[in-house]
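Residue numbers (my numbering): 1 to 350.
Here is the structure:
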């Protein structure tokens with residue numbers, strides 16, 4: 001690979017899903033950058049595996065003796081081990097842009113990269129089981145060294161600016177363009193009104209809110225995606241709830257096109273306060289109204305139709321579950337990439 005190289009340190013392993021990290025990495029490759037997408041570090045060995053995805057995009061999976069995201073000093077040693085693998089695979093910091101989507105790799109910034117971008121799309125340190133302090137250490141190091149900080153929500157951007165980050169820009173999430181075509185169909189009139197919640201239903205999910213919606217007269221609740229915990233088990237056991245399992249893109253699109261309202265069932269907590277849900281954009285692309293619990297961050301979201309309690313919902317079903325699909329065109333990753341490429345070109349020109 002030659003030209004304009006980027007080491008793209010992703011927060012998730014490459015699996016081809018067109019969500020934030022992989023969509024942006026692929027888009028940068030399409031714009032002419034030579035992208036090496038680094039999967040999250042693995043531990044317990046010494047190995048590097050490379051896969052060529054196309055002429056300008058390859059993935060790299062690295063295994064090092066240990067990793068310790070919750071202990072920044074030890075993690076810095078793991079990153080030094082990773083740099084040995086990177087050098088063996090042709091990564092030269094002085095000619096390469098470093099793109100960090102996984103803040104536990106903050107120690108990469110100690111090397112002399114051509115430039116550094118930090119893409120902040122979560123409030124790290126408030127996930128279940130995490131301690132806040134180590135992630136503050138990681139992020140503060142990134143803020144000191146990053147030439148450009150992207151943030152997926154206003155709260156994340158504001159926090160970065162308060163910590164002294166340079167050149168902070170709001171770049172929200174988006175839908176992949178294939179969600180927009182073909183246009184969404186008209187739905188059969190309710191009742192029954194078909195509500196759908198798609199995605200991971202983990203600790204940040206308000207299972208009780210979903211269960212209460214499922215109990216409303218004339219409502220069918222459809223669930224797609226994984227979940228865990230007692231609230232999840234009780235939800236799936238509730239009457240009026242259908243769990244479709246984990247669906248591929250085509251099956252999920254077919255389900256969304258049969259439903260009237262898409263749900264973002266977030267609990268009101270420090271983690272969800274900073275999230276810009278990708279599912280909001282995908283629901284909107286298929287013409288769905290979008291409901292969520294009464295959370296301030298979602299109340300201000302331009303694609304969320306309504307934040308409400310289950311008691312409020314009964315009177316809104318007919319209005320928001322209308323026959324005609326909502327024709328709100330959400331932003332796509334191509335739109336976001338155009339903004340990012342402009343920012344990168346401005347940085348290159350300085």
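Idealized CB from N, CA, C, for every residue including glycine.
Considering only the beta carbon of each residue, do residue 70 and residue 134 sit closer than 7 angstroms? yes
Burial state of residue 39, where buried means 16 or more other Cβ atoms lie within 10 Å: buried
To which residues does DSSP link residue 162 through a beta bridge? Beta-bridge pairing links residue 162 to no other residue.
Please report the distance separating the alpha-carbon of residue 90 from that of residue 11. 22 angstroms
Residues bridged to residue 135 [DSSP beta-bridge criterion]: DSSP lists no partner for residue 135.
Is DSSP giving residue 200 helix, strand or coil here? coil
Chain-order list of residues whose beta-carbon lies under 6 angstroms from that of residue 310 (same chain, five-residue window excluded): If we look at residue 310 and ignore the five residues flanking it on each side, its Cβ neighbours are 212, 213.
Just to check my reading of the structure: residue 116 and residue 98 have Cβ atoms closer than 8 angstroms, yes? What is that Cβ distance to the nearest angstrom? 5 angstroms
According to DSSP, is residue 154 part of a helix, a strand, or is it coil? helix
Under 7 angstroms between the Cβ atoms of residue 276 and residue 172? yes
Answer with yes or no whether the minimum CB distance from residue 65 to chain B is below 7 angstroms. Of the chains in the structure shown, none is chain B; there is only one protein chain.
Mind checking residue 141: buried by the 16 CB within 10 Å criterion, or exposed? By the neighbour-count criterion, in which 16 or more other beta carbons inside 10 Å mark a residue as buried, residue 141 falls on the buried side.
Name the DSSP beta bridge partners of residue 242, please? 222
Should the region 287-304 be called in touch with the region 227-239, which here means at least 3 C-beta pairs below 8 angstroms? no
Touch check for the region 213-228 and the region 142-160: three-plus C-beta pairs under 8 angstroms? no
6 angstroms CB neighbourhood of residue 293 in its chain, flanking five on each side removed: Counting only Cβ-Cβ distances below 6 angstroms, and skipping sequence neighbours, we find 206, 209.
Residue(s) in a DSSP beta bridge with residue 116: 98
Could you pull out every residue in the same chain whose Cβ sits closer than 7 angstroms to the Cβ of residue 336, ignoring the five residues on either side in sequence? 171, 174
Report yes if the CB atom of residue 320 is closer than 7 angstroms to the CB atom of residue 307, and no otherwise. no
Return the residue from the list 110, 283, 24, 94 that minimises the CA-CA distance to residue 80. 110
Taking the straight line between their C-alpha atoms, what separation do you get for residue 31 and residue 168? One C-alpha to the other measures close to 22 angstroms.
Would you decide whether residue 15 is buried or exposed? Buried here means 16 or more other CB atoms lie within 10 Å of its CB. exposed
Output needed for residue 1: all residues of its chain with C-beta closer than 6 angstroms, excluding positions within five of it in sequence on either side, in chain order. At residue 1, the pLDDT of 45 sits below 50, so the modelled position is not reliable; the number obtained from the coordinates is stated separately. Once the five neighbours on either side are set aside, the close Cβ partners of residue 1 are 34.
State buried or exposed for residue 49, treating a residue as buried only when at least 16 other CB atoms are found within 10 Å of its CB. Counting Cβ neighbours within 10 Å, residue 49 comes out exposed, since fewer than 16 surround it.
Look at the alpha carbon of residue 343 and the alpha carbon of residue 150, and state the distance between them as a whole number of angstroms. 10 angstroms
Tell me which same chain residues have a C-beta within less than 6 angstroms of the C-beta of residue 51, skipping the five on either side of it? Closer than 6 angstroms at Cβ, skipping near neighbours: 59.
Which residues in the same chain as residue 42 place their Cβ atom closer than 6 angstroms to its Cβ, once the five residues preceding and following it in sequence are excluded? 63
For residue 327, tell me which candidate among 274, 284, 258 has the shortest Cα-Cα distance. 284
Less than 7 angstroms separating the beta-carbons of residue 245 and residue 221? For residue 245 and residue 221, no; Cβs fall outside 7 angstroms.
For residue 1, three-class secondary structure by DSSP: Because the pLDDT of residue 1 is 45, which lies under 50, any placement of that residue in the model is unreliable, and the number read from its coordinates should be weighed accordingly. Note: residue 1 maps to coil in three-state DSSP.
Quick one: Cα of residue 367 to Cα of residue 17, how far? The structure shown does not extend to residue 367, since the chain spans only 1 to 350, so no value can be given for it.
Using the C-alpha atoms, what's the distance from residue 256 back to residue 314? 21 angstroms
Among 94, 200, 199, 192, which has the Cα closest to the Cα of residue 215? 192
If you scan the region 281-347 from start to end, which runs of the alpha helix (DSSP H) of 4 or more residues do you find wholly inside it? With a minimum length of 4 residues, the continuous alpha helix (DSSP H) runs that stay inside the region 281-347 are 296-299, 310-313, 317-320.
Using alpha carbons as the reference points, say which of 253, 121, 130, 138 lies closest to residue 185. 253
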